[in-house]
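Q: Have a look at the structure that comes next, please.
There are 2 protein chains.
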Amino acid sequence: MLEAETITAAILVIGDEILSGRTKDKNIGYIAEYLTNLGIDLREARVVPDVEEEVVAAINALRKRYDYLFTTGGIGPTHDDITADCVARALDVGIDQDERAIAMMRERYKPEELTEARLRMARIPLGAELIENPISRAPGFMIGNVITMAGVPSIMQAMLDNVAPKLRTGVRVEVETIDAHGLPEGIYGTELAKLDARHPQVSIGSYPSFTGAGFRNQIVVRGRERGAIDAAADEIRKLLAQMTGDGAPG
Amino acid sequence: MLEAETITAAILVIGDEILSGRTKDKNIGYIAEYLTNLGIDLREARVVPDVEEEVVAAINALRKRYDYLFTTGGIGPTHDDITADCVARALDVGIDQDERAIAMMRERYKPEELTEARLRMARIPLGAELIENPISRAPGFMIGNVITMAGVPSIMQAMLDNVAPKLRTGVRVEVETIDAHGLPEGIYGTELAKLDARHPQVSIGSYPSFTGAGFRNQIVVRGRERGAIDAAADEIRKLLAQMTGDGAPG
């Protein structure tokens, strides 16, 4: 399903603060939606702590398996910001202070403000392209298929806008959402499974959400061919019309 | 750091809808904070699609490495709900309709409402303990060190409350948060790194957040011994007091 002409991606979120629950990640959901709109299939996301061995292992596992790997977090000026060094180690390239990065940072900092700590943010793996950061200047970077961005959502989002034009994209997935109008999944589930098996060119999902007042189910048809999506969606609408339910979840 | 007497955990979020960006995950952040409060260290989180091979591989990678694995999503009545079967396959145990689960579901459904699809929700790996679901009745389960819960946040949260008393917990991590009061990371970063190296019994992080009005930095000291936390926090306060800055980020 959905395998033709696809470009795949993974996200690696780096940071103890996400795993302790102190900071709630907002980047996975944002990047997921963004990549879907570009026609890139996000296939996996991981969150790992600020531990070099863990970060390097995750970078290597994900960059080898998917067309792109997006990392967020760990590129600031403090000792727990180890992402650039981890990317360099994973790709087995050197890392040093990058004059282009320092030039970007000079747009913001006076020479005497470029402290040793801030210059950590100019450490860029050798051979990387920089990704501009219009908010706080210290750049992200792209090397091979690894795209390294900040963890602060507003900065990450600006970097993503700046790197997006450089990415290969596939045929965009189109989505049709059908409201089950109170019909429970437990009523339509078996027939929907048969219908799904008859429509291998699309992916069909059923998603309950609970509002307190009860469940609301939506059936989502995703695919890259409009005709195949329409055919499946029409059958689903007919199926739902044939059925009645009590509005209960599941 | 923080290795003594720790109980570790991972989270596996299962669902195409998270990776497409259609649904924004709220479970990782909730579980992360919950486990921290219990004294369990969350070490990794992953999001994978509704693809059996992917789910099984992730379950095995994570359950073998951490004391507990919490899964969310994929235990409803439709064809894309494959988590219970994946757990059974990963643990190499059988799976069948569970009479205890059916009894729970009878509290809600009349006999004629127990459709084939709904009975999918009673498929439980052999040997699992059930986790009650006060909202929609179909239970989660715990088998070995794998805890399988619903993806709908309100149901997941109720299941987590029900399974929590059964978990082994470690010494709870205590946290001290110190506001940098406008001092930029780029000013205190180098000295903080030295301070961190002198205090191996605690973990020190520096976290910027961007409000639009500017950056606000907080330094967080985490540890399991109050004396070690206090000693590091006192030094950090003295360090910050010695420094002045312009309030700029990074």
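Heads up: the protein sequence lines correspond to chains A and X, in order.
Position 49, counted from 1, in the first sequence is what my numbering calls 112; the numbers after and before it change by one each time, with no gaps.
Position 59, counted from 1, in the second sequence is what my numbering calls 122; the numbers after and before it change by one each time, with no gaps.
For glycine and all other residues, C-beta sits at the position ideal for the given N, C-alpha and C.
From a predicted model like this one, the values you see are computed outputs, not experimental measurements.
Closer than 9 Å by beta-carbon distance: list the chain X residues that pair up with A:E107, in chain order.
A: What you label residue 107 of chain A is simply residue 44 of the first sequence in a count that begins at 1. Going along chain X in sequence order, the residues near A:E107 (Cβ under 9 Å) are L82, R109, V110, V111, P112, E117 and A121.
Q: Distance check for A:V209 and A:T146, CA to CA, integer angstroms please.
A: On the first sequence, residue 146 of chain A is found 83 positions in, with the first residue counted as 1. On the first sequence, residue 209 of chain A is found 146 positions in, with the first residue counted as 1. Their backbone Cα atoms lie some 11 Å apart in a straight line.
Q: Report the CB separation of X:S266 from A:D259 in whole angstroms; it is logged as a contact under 8 Å.
A: In the second sequence, residue 266 of chain X corresponds to position 203, counting from 1. In the first sequence, residue 259 of chain A corresponds to position 196, counting from 1. 46 Å between Cβ atoms; not a contact.
Q: Applying a beta-carbon distance threshold of less than 8 Å, which residues of chain A neighbour X:D130?
A: Here residue 130 of chain X corresponds to residue number 67 of the second sequence, with the count starting at 1. Near X:D130 there are no residues of chain A at all, since even the closest Cβ is about 14 Å away, more than 8 Å.
Q: Using DSSP bridges, identify the partner residues of X:T211.
A: Start at 1 with the first residue of the second sequence, and residue 211 of chain X comes out as number 148. Note: X:T211 sits in a beta bridge opposite X:T134 and X:F204.
Q: Given this structure, state the Cα-to-Cα distance separating X:D155 from X:G136, to the nearest angstrom.
A: As a working note, residue 155 of chain X is residue 92 in the second sequence. As a working note, residue 136 of chain X is residue 73 in the second sequence. Answer to the nearest angstrom: the Cα atoms are 20 Å apart.
Q: Identify whether X:A72 lies in helix, strand or coil by the three-state DSSP scheme.
A: Here residue 72 of chain X is taken as the residue at index 9 of the second sequence, counted from 1. Reduced to three states, the DSSP call for X:A72 is strand.
Q: Just verifying my parser: in three-state terms, what is the DSSP assignment at X:A227?
A: As a working note, residue 227 of chain X is residue 164 in the second sequence. Correct three-state label for X:A227: helix.
Q: Which word fits X:L82, buried or exposed, when buried means at least 16 other C-beta atoms lie within 10 angstroms of its C-beta?
A: In the second sequence, counting from the first residue as 1, residue 82 of chain X sits at position 19. By the neighbour-count rule (16 or more Cβ atoms within 10 Å), X:L82 is buried.
Q: Run down chain X in chain order and give the residues with a C-beta less than 7 Å from the C-beta of A:T48.
A: Residue coverage of chain A in this structure runs from 64 to 313, which leaves residue 48 of chain A outside it and unanswerable.
Q: Based on Cα-Cα distance, which residue from X:V76, X:K127 and X:K89 lies nearest to X:G118?
A: Walking along the second sequence from the start, residue 118 of chain X turns up at place 55. The question names Gly, but residue 118 of chain X in the sequence shown is Val. The shortest C-alpha separation from X:V118 is found at X:V76.
Q: Cβ-heavy atom distance between A:E288 and the ligand FAD below 7 Å?
A: Inclusion of the ligand FAD in the displayed structure is not the case, the ligand content being empty and no account of it being possible.
Q: From the DSSP output, which residues share a beta bridge with A:V284?
A: Counted from its first residue, the first sequence places residue 284 of chain A at position 221. In DSSP, A:V284 forms a bridge with A:E239 and A:I267.
Q: For a contact meaning CB atoms closer than 8 Å, what does A:I250 contact in chain X?
A: Residue mapping note: residue 250 of chain A aligns to position 187 of the first sequence, counting from 1. Within chain X, the residues near A:I250 are T178 and A180.
Q: Cβ of A:M212 within 8 Å of Cβ of A:I250?
A: As a first step, residue 212 of chain A is located in the first sequence; it is residue number 149 there, counting from the start. As a first step, residue 250 of chain A is located in the first sequence; it is residue number 187 there, counting from the start. No. Outside cutoff.
Q: Have a look at X:A185 and A:L101 and give me their C-alpha separation to the nearest angstrom.
A: By one-based count along the second sequence, residue 185 of chain X stands at place 122. By one-based count along the first sequence, residue 101 of chain A stands at place 38. So the alpha carbons of these two residues sit roughly 39 Å apart.
Q: Cutting at 7 Å between CB atoms, please list the residues of its own chain near X:P140, excluding the five before and the five after it.
A: Position 77 of the second sequence holds residue 140 of chain X. If we look at X:P140 and ignore the five residues flanking it on each side, its Cβ neighbours are A180, R181, R183 and M184.
Q: Which of helix, strand or coil does DSSP assign to A:D314?
A: Look at the range of chain A in this structure, 64 to 313, and you will see that residue 314 of chain A is not part of it.
Q: Going by beta carbon distance, what residues of the same chain come within less than 8 Å of X:A108, once the five residues before and after it are set aside?
A: In the second sequence, the residue the question calls residue 108 of chain X occupies position 45. A73, I74, L75, V76, I91 and A95.
Q: Could you confirm whether any beta carbon from chain A is found closer than 8 Å to the beta carbon of X:V283?
A: To locate residue 283 of chain X, count along the second sequence from 1; it is residue 220. It does: the Cβ of X:V283 has a partner Cβ on chain A nearer than 8 Å.
Q: Report the rounded CA-to-CA distance for X:F273 versus A:S217, giving the unit in angstroms.
A: Taking the second sequence and counting its residues from 1, one reaches residue 273 of chain X at position 210. Taking the first sequence and counting its residues from 1, one reaches residue 217 of chain A at position 154. About 8 Å.
Q: Is it buried or exposed, A:R126, if we count other Cβ atoms within 10 angstroms and call 16 or more buried?
A: Taking the first residue of the first sequence as 1, we reach residue 126 of chain A at position 63. So A:R126 counts as buried.
Q: Quick one: list the residues of chain X neighbouring A:V215, beta-carbon separation under 9 Å, in chain order.
A: Reading the first sequence from its first residue, position 152 is the one you call residue 215 of chain A. Going along chain X in sequence order, the residues near A:V215 (Cβ under 9 Å) are P271, S272, F273, F278 and P312.
Q: Flag this pair as yes or no: are the beta carbons of A:R200 and A:R171 separated by less than 8 Å?
A: The residue you call residue 200 of chain A lines up with position 137 of the first sequence. The residue you call residue 171 of chain A lines up with position 108 of the first sequence. Yes; because the gap between Cβ atoms is below 8 Å, this pair is in contact.
Q: Taking 8 Å as the threshold (beta carbon to beta carbon), is A:L255 in contact with chain X?
A: Taking the first residue of the first sequence as position 1, residue 255 of chain A is located at position 192. It does: the Cβ of A:L255 has a partner Cβ on chain X nearer than 8 Å.
Q: Would you grab the beta carbon distance between A:T232 and A:I103 for me? Rounded to a whole angstrom, and I think it's under 8 Å.
A: Translated into positions along the first sequence, residue 232 of chain A becomes position 169. Translated into positions along the first sequence, residue 103 of chain A becomes position 40. With 8 Å as the limit, A:T232 and A:I103 qualify as a contact, their Cβ atoms being about 6 Å apart.
Q: Of the residues that make up the stretch 127-156 of chain X, which ones have a beta carbon closer than 9 Å to any beta carbon in chain A?
A: If the cut-off is 9 Å between Cβ atoms, the stretch 127-156 of chain X has G139, P140, T141, H142, D143 and D144 near chain A.
Q: By DSSP, does X:A276 sit in helix, in strand, or in coil?
A: By one-based count along the second sequence, residue 276 of chain X stands at place 213. In this structure, X:A276 counts as coil in the three-state DSSP scheme.
Q: Would you decide whether X:A228 is buried or exposed? Buried here means 16 or more other CB atoms lie within 10 Å of its CB.
A: Counting from 1 along the second sequence, the entry for residue 228 of chain X is found at position 165. According to the sequence provided, residue 228 of chain X is Pro. The question's Ala does not apply to it. X:P228 should be labelled exposed.
Q: For the candidate residues A:V110, A:D144 and A:Y131, whose alpha-carbon lies nearest to that of A:G207?
A: Residue 207 of chain A sits at position 144 when you count from the first residue of the first sequence. For A:G207, the nearest C-alpha among the options comes from A:Y131.
Q: For X:T240, count neighbouring C-beta atoms within 10 Å of its own C-beta (all shown protein chains included) and say buried if the count is 16 or more, exposed if not.
A: Taking the second sequence and counting its residues from 1, one reaches residue 240 of chain X at position 177. X:T240 is exposed by the Cβ-count criterion.
Q: Which residue's Cα is closest to the Cα of X:R300: X:R106, X:I282 and X:G290?
A: Reading the second sequence from its first residue, position 237 is the one you call residue 300 of chain X. For X:R300, the nearest C-alpha among the options comes from X:I282.
Q: Could you name the residues of chain X that A:G92 contacts, counting a contact when the two beta carbons are closer than 7 Å?
A: Position 29 of the first sequence, counted from the start, is the residue given in the question as residue 92 of chain A. G84, K87 and D88, listed in chain order.
Q: At what residues does the alpha helix (DSSP H) containing A:R171 begin and finish?
A: Counting from 1 along the first sequence, the entry for residue 171 of chain A is found at position 108. Where A:R171 is concerned, there is no enclosing alpha helix (DSSP H), given that its DSSP letter is neither H nor E.
Q: Output, in sequence order along the chain, the residues in the stretch 282-306 of chain X whose CB is closer than 9 Å to any CB in chain A.
A: Residues passing the 9 Å Cβ filter: I282, V283 and R285.
Q: For X:P312 and X:R287, what's the separation of their Cα atoms in angstroms?
A: In the second sequence, residue 312 of chain X corresponds to position 249, counting from 1. In the second sequence, residue 287 of chain X corresponds to position 224, counting from 1. Residue placement at X:P312 is poorly supported in this model, since its pLDDT is 48, which falls under 50; the coordinates still yield a value, given next. So the two alpha carbons sit approximately 30 Å from each other.
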